[in-house]
Amino acid sequence: MDFSVVCSKCGIVVIILAVIAILLWAFLPRGGGGKEDEGKGGGGDVVKTNILMNPSFEDDLYGTWDNKSFWVDRVAEDVVHGNFALRAWNRFTVPSNVPQSALDVQIRLKKHSFVFGVRANDANFRAKDYTYYRNLVFSWFNTITINSINWKYNAGNETNPNYSKALSAIDVVRANGLKVRAHCIHRDTPDNIPNWVTALKGQELRDTVDFHIQQMVNLTRGKLFHWCVMNEHLQGMWYEERLQDPNITKNIFKYYNQQNPDAKAFLNDFTGVTAGGNTQLRLDYLSRAGVELFMTEFDLAWPDVVQRADWHEDAMRVFYAHPGLHGAAIWNARARSASGLPSQKEWTTNVNRNLGDGLTFKVRAFQGDYEVIVRRSGVAVQIVNFTLGTTDIEQQIEITSSTEPVTVTETPDYLPMCRSHRAQASLGSTNTTTTDTTMVCHTVVSAVSGKQENDNVSVTCEAGEVMTGCTSLHGNKEWTRMGERIVFNNSVPVCTAYNGRNSPAGVTAEARCCKVSGLTCDYRVAGPSSAFDGAQAEARCPANTQPLGCSSFSQYPDMDGVYPDKTENSCIAQSGEPAFTNPAERSGSIVSAACCSAPNLTCIVVMSVNSSSLVYGDSVSVTCPTGVMVSCSYWAVSGKSAGATILSDGRTDKCVTYMGANMPAGTSGTIARAHLTAASATAAADYGYQVRHHPGSG
């Protein structure tokens with residue numbers, strides 16, 4: 052991992068920071084610590100722990116910010132300014148002939164001041180089959196590192212240099228509204244210096260070093276945000292040794308600044324932050340130098356791409372939370388499947404207010420560029436822009452009497468659902484003992500839980516049976532349940548349902564219990580998802596199994612439900628709109644999956660249409676066209692489902708789900724989804740694997 056410090060004034064700062072980095076490497080402890088580390092994130096690999104989960108920005112700006120197992124101690128305000136949340140006071144004036152209640156305002160972040168960067172190969176900006184890659188990169192990040200402008204990548208010769216590919220990539224990046232970090236002008240190791248340069252010495256070498264700086268500044272003038280002037284100086288000192296000059300690097304930065312560059316000069320070096328419990332100590336120590344710090348070459352190596360993605364998220368939370376860091380860039384981003392990539396719904400600000408509730412309000416917001424969109428009776432009629440910097444602001448916004456519509460520019464969404472695989476694990480497995488080749492299933496319903504929040508009730512299957520599904524239902528058909536989850540008790544799978552807040556009717560747990568020769572189920576769990584509407588948690592089933600049953604649980608009942616993904620062979624639980632305004636009461640969803648196999652077993656999924664009624668207590672249902680129903684689940688893309696149940700008249704099983712609240716027009720009702728086992732592959736094909744439909748499509 053490489054780390055950069057800005058050298059706009061250069062000189063002694065470069066040498067001091069190089070010495071600091073050397074001292075940090077030589078003397079700071081690298082491993083998890085003893086008592087001095089307690090409460091400071093010591094112990095274990097910092098990027099492998101769930102460091103900062105969904106940080107709340109409702110606490111004081113300065114002081115100790117305690118999230119889970121990692122603490123970030125704010126550095127004194129006069130030393131560094133971080134990118135954490137600040138207040139924006141908004142005061143509106145309204146024309147006397149316009150009712151306040153007819154006006155809605157939206158305050159949304161358009162551009163972060165924090166640098167979210169990535170290194171990109173210039174070839175990716177030319178290849179036709181990299182369009183999707185480019186769209187994703189331009190959507191996720193605000194800064195791109197181009198390293199093909201490195202001296203050793205010169206496609207020409209010493210008298211006629213050629214950096215056309217790098218310069219073309221820089222133009223493409225800038226045309227798409229992103230900033231560019233160029234990497235790098237000089238490196239101090241011979242294998243990164245052109246051969247014709249390493250043959251020089253004395254004044255000729257000095258002149259060549261200076262001329263290269265002048266040449267690169269002129270080639271890129273007006274195009275760059277950052278220039279890495281010296282890269283990984285701790286790795287070698289070839290120029291110092293060749294010229295017998297300990298000040299050559301200082302003079303390189305001095306000469307760079309004499310060229311009147313418009314890009315900030317940086318010293319880039321490695322292991323400024325590394326694995327171990329001392330990340331915070333190193334960041335704090337470097338921050339006190341009073342210069343800008345950037346994480347420039349962050350990367351993680353691990354064979355499991357899902358685990359690697361989760362560790363990246365944990366580490367980025369640490370970097371973003373530290374007030375001394377102004378940005379972080381990933382070194383390797385690969386153009387592969389985008390399943391489970393970020394949806395940009397966290398670390399952003401998007402606030403909606405109706406002015407009928409008052410003309411003055413404050414917003415806790417991230418630093419960056421904003422726009423205020425004023426809508427009159429639902430039509431956008433005015434846009435005001437402002438920037439939130441390192442201090443709180445107050446602004447007076449005068450709303451005009453205009454009724455002429457204005458164009459609101461929306462950022463294209465190239466991103467799929469935010470899908471987390473955090474804490475994915477197998478709980479255990481169970482199997483039937485019967486030799487009967489005909490599958491038989493029935494439902495076991497628990498008693499009603501207690502009336503208090505967190506009261507729960509459990510149910511399990513009889514000996515010799517296998518639990519293929521677990522669901523829950525509110526006693527009064529309301530949405531205030533926490534849902535259900537599969538847990539293990541004495542090596543036995545148990546379906547447990549949890550009651551929510553303001554829920555005096557309680558809940559019931561329902562287990563679907565089946566048996567057939569050779570039936571085995573491995574129970575998987577994953578989550579929680581991130582705690583915003585649309586975030587998902589996915590539990591993947593082993594390749595030789597199928598997801599027969601899916602369950603969803605949320606500590607605070609902000610869940611849309613659960614569904615199987617045939618393509619990924621998994622169960623997916625999705626978070627809904629947060630139920631409570633307190634950020635500490637947002638939990639995300641945990642998904643449970645019954646991953647099962649049996650000889651000649653084929654599973655298909657059928658689902659109802661969306662409930663046409665948005666009235667509390669109304670229901671939709673679905674029956675199996677063939678085979679045996681092995682589970683029943685609910686899905687409500689707008690939230691507020693009361694749960695699901697299997698009703699039987701002795702001949703036909705019916706999966707039923709209920710509306711748990713009255714929903715406003717324009718929202719979606721609930722969907723019932725039944726899993727069934729088919730007798731043959733032909734039957735499965737006849738029904739089209741309906742699980743492939745997008746949730747909510749009917």
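The numbering used here applies: residue 52 is where the sequence shown begins, and numbers increase by one.
Backbone N, C-alpha and C define an ideal beta-carbon position, used for all residues, glycine too.
Computed from a prediction, not measured in an experiment: that's the story for all the values here.
Out of curiosity, what's the CA-to-CA distance linking residue i and residue j?
| i | j | result |
| --- | --- | --- |
| residue 279 | residue 691 | 52 angstroms |
| residue 600 | residue 712 | 25 angstroms |
| residue 597 | residue 637 | 31 angstroms |
| residue 113 | residue 334 | Model confidence at residue 113 stands at a pLDDT of 28, short of 50, so the residue's coordinates are unreliable; what they give is reported in the following sentence. Roughly 17 angstroms between the two C-alpha positions. |
| residue 307 | residue 404 | 49 angstroms |
| residue 507 | residue 602 | 15 angstroms |
| residue 685 | residue 530 | 12 angstroms |
| residue 215 | residue 146 | 56 angstroms |
| residue 644 | residue 505 | 22 angstroms |
| residue 166 | residue 377 | 6 angstroms |
| residue 534 | residue 551 | 9 angstroms |
| residue 618 | residue 183 | 21 angstroms |
| residue 400 | residue 702 | 53 angstroms |
| residue 683 | residue 554 | 23 angstroms |
| residue 412 | residue 668 | 37 angstroms |
| residue 368 | residue 570 | 43 angstroms |
| residue 630 | residue 721 | 17 angstroms |
| residue 526 | residue 561 | 12 angstroms |
| residue 218 | residue 639 | 44 angstroms |
| residue 474 | residue 623 | 14 angstroms |
| residue 203 | residue 195 | 20 angstroms |
| residue 332 | residue 351 | 21 angstroms |
Which word fits residue i, buried or exposed, when buried means at least 16 other C-beta atoms lie within 10 angstroms of its C-beta?
| i | result |
| --- | --- |
| residue 365 | buried |
| residue 250 | exposed |
| residue 228 | exposed |
| residue 559 | buried |
| residue 689 | buried |
| residue 606 | buried |
| residue 462 | exposed |
| residue 224 | buried |
| residue 150 | exposed |
| residue 724 | buried |
| residue 362 | buried |
| residue 579 | buried |
| residue 242 | exposed |
| residue 589 | buried |
| residue 171 | buried |
| residue 255 | exposed |
| residue 314 | buried |
| residue 407 | exposed |
| residue 666 | exposed |
| residue 111 | Here residue 111 scores only 28 on pLDDT, less than 50, and its place in the model should not be relied on; the value that follows carries that caveat. Answer is exposed; the Cβ neighbour count stays below 16. |
For residue i, decide whether its Cβ has a neighbour in chain B, counting only Cβ atoms nearer than 8 angstroms.
| i | result |
| --- | --- |
| residue 446 | Structure shown: chain B not included; a single protein chain is present. |
Within the continuous alpha helix (DSSP H) that includes residue i, where are the two ends?
| i | result |
| --- | --- |
| residue 334 | 330 to 338 |
| residue 267 | 253 to 271 |
| residue 185 | 182 to 191 |
| residue 247 | 246 to 249 |
If residue i and residue j are in contact, beta carbons under 8 angstroms, what's the gap, nearest whole angstrom?
| i | j | result |
| --- | --- | --- |
| residue 348 | residue 380 | 7 angstroms |
| residue 581 | residue 469 | 6 angstroms |
| residue 609 | residue 628 | 6 angstroms |
| residue 448 | residue 457 | Contact flag wrong, Cβ pair sits at about 15 angstroms. |
| residue 565 | residue 513 | About 11 angstroms; that fails the 8 angstroms criterion. |
| residue 584 | residue 626 | 6 angstroms |
| residue 664 | residue 710 | 7 angstroms |
| residue 450 | residue 143 | 6 angstroms |
Which residue wins for smallest C-alpha separation from residue i, given the options the options?
| i | options | result |
| --- | --- | --- |
| residue 294 | 273, 284 and 252 | 252 |
| residue 594 | 503, 217, 628 and 646 | 646 |
| residue 281 | 205, 173 and 290 | 290 |
| residue 263 | 283, 248 and 725 | 248 |
| residue 344 | 358, 355, 351 and 371 | 371 |
| residue 547 | 640, 511 and 708 | 511 |
| residue 670 | 683, 708 and 704 | 708 |
| residue 205 | 222, 230 and 266 | 266 |
| residue 272 | 310, 577 and 477 | 310 |
| residue 305 | 261, 277 and 270 | 261 |
Would the C-beta of residue i count as close to the ligand MN, meaning under 7 angstroms from any of its heavy atoms?
| i | result |
| --- | --- |
| residue 535 | The ligand MN is absent from the structure shown, which contains no ligands of any kind. |
Would you kindly report the start and end of the unbroken beta strand (DSSP E) that includes residue i?
| i | result |
| --- | --- |
| residue 280 | 277 to 282 |
| residue 222 | Element bounds for residue 222: not the beta strand (DSSP E) but the alpha helix (DSSP H), 215 to 226. |
| residue 161 | 154 to 163 |
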